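Enquirer:
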Amino acid sequence: MRAGLLGKKLPHSFSPEIHAMLGHYSYVLFEKEEDELETFLKQGPFDGINVTIPYKKAVIPYLDALSPRAKALGSVNTILRREDGSLYGDNTDYAGLLYLIQKNNIDLKNRKTLILGTGGSSITAKAVAEELGASPIINISRRGENNYTNLERHADAEIIINTTPVGMYPNNGESPLSLDLFPACQGVIDIIYNPSLTRLLFDAKCRQIPYANGLSMLVAQAKAASELFTGQSIDNKQIDQIVSSIEKKTKNIILIGMPGCGKTTVGKTLSKLTGRPFVDCDEEIVKQTGLSIPEIFAGQGEEAFRRIETDVTARLAKESGLIIATGGGVVTKERNEYLLRQHAYIVHLTRETVLLATTGRPLSQKGNLEKMYLERKPLYQRLADYTVQVDGASETAQKICSEIGIC
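Numbering (the numbering used here), first residue to last: -12 to 394.
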C-alpha cells in the first residue's frame, strides 16, 4: 500500500505521523501545482491519497466515480485507486467533523448554528450540522447577506463553527468574531488545530462555554481514509490515543513560578531529558534589546519591561515543541494569559521563598519576596496545569515528564 497527501504547499502536516500510527503502509507528501494534477492522478505512485486545500474540488474531473457523500458535498479529500486502475473519490472530512462534535458532547439539535466561512469545509460543516438536527443554520461570509458587519442580527446563535483559517498559526491571537455578541452561545467548534487553543476557543473557555479544536477531526478523518485504503476497520479508541500523542509532541512545556525558583536550570535539564529545544524568555529579552534585565528596569521602568516581555512571550509561545522558562512576573499581566495557554502544558514550579535566588532580579532585590509570592500565587495556580515542587533539577525534570506523560 502506497499512500500520501496531495496538496499545493504542505509545510507542517501531521498526516504522515497520524497514518504511521494507523497502519503499516508508506505515506508521503505530494506537493503539486494545479497543471500537474491530471498527470499525477493518472500516473502517480499511490494506491490511496488524501487531498487537502486547494484541490478538494479540483480533483473531481479526473475521478471515475464518487461516493454518495462526496457527490453530495462536491468535495473529495480521499482517493482510492481501485484494482482496475480507476479512481474513486470519497469525503472522510464528514466523518471527522461528526466524530469531533459527538466526542465533545456538543449538542446541535434544534440550536441556531452559525458556520463561519464559505469554503469546502463550511459545506461539510453544514451537512454535519443538518444531520445533527441544527436549526436554523446560517453561513457567515465576508460579503454575503449574512456577514461580519451584521452579526448582531444573529445574537441568538447557540452554536458557532469556525471553518476559516483566522487564528491559525502563524497568525495566532486573531479571532473571526467576539463572543460578546452571542450571550446565548452554548458551544464553539474551531477546525483549526494549530494552535490547540485559538483565540476564539480561549474566549469560549473563559466564558465556560463547551469548545473543541480540530485535531480529533483531523485524526478521525484519517482513520476513515485508512479504512478505505486498507479495507480494515480501526477501533475509535485509536483516535484518542493518536490525538494525545500529537498533543504531547507538539505542545510547548511552559515553566512559570517565582523569580529564582529554578525555571532555567530545570528547563535545561528537561531539555536534555526530552530532546526538546529550550528557550529562556529573559535571555531572549536581553538578545532582543541588547540590555540586561537590571538595565531595562533602571532605564525604562517595569512597564516598559513588561511590554517587551509580552512581545517575546508572543513570539515564543506560538511555536511548537519547546520548553520555555518565563520570567516570574509574566503572570501579572492579563494580556499574557492567552499567549501562555494557546499551545502548552503550563507547569508551576514552587520553592520556599527563603531559597529563591535574587541576583540580577531587580524586583526580588528591592521587594518582600514573601509578600510578592502571596500576591502572585493565585495567578500561578490559575494558569497551571501542573504544580511541581523543585527538589533538584534532575528530580524535578523527571517529575514533570511523569506528570505530563512524555517520558
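Beta carbons: idealized from backbone N, C-alpha and C, even for Gly. Note that the coordinates shown come from a computational prediction; the quantities given were computed from them, not determined experimentally.
Between the beta-carbon of LEU103 and the beta-carbon of LEU138, is there less than 8 Å?
Expert: Your numbering for residue 103 matches position 116 in the sequence shown. Your numbering for residue 138 matches position 151 in the sequence shown. No, these two residues do not count as a Cβ contact at 8 Å.
Enquirer: If you measure between the beta carbons of THR150 and ALA112, is that distance less than 8 Å?
Expert: In the sequence shown, residue 150 corresponds to position 163, counting from 1. In the sequence shown, residue 112 corresponds to position 125, counting from 1. Yes, the Cβ-Cβ distance between THR150 and ALA112 is below 8 Å.
Enquirer: If you drop the 5 nearest sequence neighbours on each side, which residues of the same chain put their C-beta closer than 6 Å to that of GLU357?
Expert: By one-based count along the sequence shown, residue 357 stands at place 370. Counting only Cβ-Cβ distances below 6 Å, and skipping sequence neighbours, we find THR340.
Enquirer: Name, in chain order, the residues that DSSP records as bridge partners for PHE17.
Expert: Here residue 17 refers to the residue found at position 30 of the sequence shown. Answer is LEU(-7).
Enquirer: In whole angstroms, what separates the C-alpha of ILE333 from that of LEU(-7)?
Expert: Here residue 333 refers to the residue found at position 346 of the sequence shown. Here residue -7 refers to the residue found at position 6 of the sequence shown. C-alpha separation (whole angstroms): 36 Å.
Enquirer: Under 8 Å, do SER162 and VAL153 count as touching if we go by C-beta distance?
Expert: Along the sequence shown, read from residue 1 onward, the residue named residue 162 stands at position 175. Along the sequence shown, read from residue 1 onward, the residue named residue 153 stands at position 166. Yes, these two residues count as a Cβ contact at 8 Å.
Enquirer: Alpha helix (DSSP H) containing TYR395: first to last residue?
Expert: The structure shown has nothing for residue 395, since the chain only spans -12 to 394.
Enquirer: Can you give me the C-alpha to C-alpha distance between LYS236 and SER62, rounded to a whole angstrom?
Expert: The residue labelled residue 236 in the question sits at position 249 within the sequence shown. The residue labelled residue 62 in the question sits at position 75 within the sequence shown. Looking at the two C-alpha atoms, the distance is approximately 31 Å.
Enquirer: Looking only at its own chain, which residues have a Cβ that is under 8 Å from the Cβ of VAL38, when we skip the five neighbours before and after it?
Expert: In the sequence shown, counting from the first residue as 1, residue 38 sits at position 51. Answer for VAL38: LEU(-8), LEU(-7), GLY(-6), VAL46, VAL63, ASN64, THR65 and ILE66, listed in chain order.
Enquirer: Using a 10 Å radius around the Cβ and a threshold of 16 neighbouring Cβ atoms, would you call ALA199 buried or exposed?
Expert: One-based indexing of the sequence shown puts residue 199 at position 212. Buried: at least 16 other Cβ atoms inside 10 Å.
Enquirer: From LEU309, ALA304, LEU336 and ALA312, pick the residue whose C-alpha is nearest to that of GLU324; which is it?
Expert: Translated into the one-based positions of the sequence shown, residue 324 becomes position 337. Checking every option, the nearest Cα to that of GLU324 belongs to ALA304.
Enquirer: Can you give the Cα-Cα distance for LYS19 and LYS(-4), rounded to whole angstroms?
Expert: Within the sequence shown, residue 19 is the residue found at index 32, counting from 1. Within the sequence shown, residue -4 is the residue found at index 9, counting from 1. C-alpha separation (whole angstroms): 8 Å.
Enquirer: Evaluate ALA116 with the Cβ neighbour count: other Cβ atoms within 10 Å of its Cβ, from every protein chain shown; 16 or more gives buried, anything less gives exposed.
Expert: Within the sequence shown, the letter at position 129 stands for residue 116. When all chains shown are included, ALA116 counts as buried.
Enquirer: Inspect the beta-carbon positions of LEU95 and ALA121 and report whether they are closer than 8 Å.
Expert: By one-based count along the sequence shown, residue 95 stands at place 108. By one-based count along the sequence shown, residue 121 stands at place 134. Taking 8 Å as the Cβ cut-off, LEU95 and ALA121 qualify as a contacting pair.
Enquirer: According to DSSP, is ILE110 part of a helix, a strand, or is it coil?
Expert: Here residue 110 is taken as the residue at index 123 of the sequence shown, counted from 1. Helix.
Enquirer: In whole angstroms, what is the alpha-carbon distance linking GLU23 and GLU70?
Expert: Here residue 23 refers to the residue found at position 36 of the sequence shown. Here residue 70 refers to the residue found at position 83 of the sequence shown. When rounded, the distance between both Cα atoms is 23 Å.
Enquirer: Does any residue of chain D bring its CB to less than 8 Å from the CB of GLY286?
Expert: In the structure shown, chain D does not exist; there is a single protein chain.
Enquirer: HIS335 bridges to which residues according to DSSP?
Expert: Taking the sequence shown and counting its residues from 1, the one referred to as residue 335 is at position 348. Answer is ILE243 and THR374, bridged to HIS335.
Enquirer: What residue from LEU50, SER73, PRO55 and CYS394 has the CA that sits closest to ARG263's CA?
Expert: As a first step, residue 263 is located in the sequence shown; it is residue number 276 there, counting from the start. Of LEU50, SER73, PRO55 and CYS394, the residue nearest in Cα terms is CYS394.
Enquirer: Hey, how far is the Cα of PRO123 from the Cα of GLY35?
Expert: On the sequence shown, position 136 is the one that residue 123 refers to. On the sequence shown, position 48 is the one that residue 35 refers to. Taking the straight line from one Cα to the other gives about 37 Å.
Enquirer: Which of the three DSSP states is assigned to ALA312 in this structure?
Expert: For the purposes of this step, residue 312 is taken as the residue at position 325 of the sequence shown. Three-state DSSP puts ALA312 in a strand.
Enquirer: Tell whether a beta-carbon distance below 8 Å holds between HIS335 and ILE243.
Expert: Taking the first residue of the sequence shown as 1, we reach residue 335 at position 348. Taking the first residue of the sequence shown as 1, we reach residue 243 at position 256. Yes, the pair counts as a contact, with Cβ atoms nearer than the cut-off.
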